[in-house]
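Per my numbering, residue 98 is the first one in the sequence shown, and the count goes up by one each step.
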Amino acid sequence: MEKKERRIVVKLFGIATVLIMIAMFVLGVNLLKNRWHRLDFKIDSIEATQLSENDYKANYRVKVSGSAKTWFYDFNTYKFNLTYASSGDVEPLYTNDSQTVIVTHSGSNNFSFEFYLKDLEDFPKYIYKAANISVDGNPKEGTEIKLFLSEYADMLVEK
């Protein structure tokens, strides 16, 4: 009888250990995602249109369209505008901010912005950040939200 009881105890201890390890992994992943990635951007299209003569001396107009949502355990409502943030290497010849983006757990309104550039090879260097951020209606100046276009360089379509 002792051997049976010992086997049962060892199996229960093993199962409990595995469950605790899985729970710690899930908790760690959630903490990491919620700390570093407040929003999950979904870019629907990136279109580059070749320009003829223009005032900005640019060769291409790039239009980015997409949406965003919060991570699964973040039930806050974020409201902001996407605006150009310097990457240090390139400055846009012209850029416009997105319309106000409102992001919740279930998704967001669609946003779009465009900018002009001389060479499409510079596209991955562009970074956009959130400005005028409010979380659940309260201004949050310390909140940092960025959209790195280098993550979506393979979606660039030239028209």
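All residues carry an ideal CB built from backbone N, CA and C; glycine is no exception. Note that the structure is a prediction, hence the values are computed from the model and not measured.
For D233, the CB contacts under 8 Å within the same chain, skipping 5 residues up- and downstream, are N173, T174 in chain order.
DSSP places G234 in the coil class of the three-state scheme, outside both helix and strand.
Taking a C-beta distance under 7 Å as the contact criterion, Y213 and Y181 do not qualify as a contact pair. Taking all protein chains in view, the Cβ of G125 is surrounded by fewer than 16 other Cβ atoms within 10 Å, so the residue is classified as exposed. Contact between I199 and N207 is absent: CB atoms are separated by about 11 Å, not below the 8 Å threshold. The Cβ atoms of N178 and A228 lie closer than 7 Å to each other.
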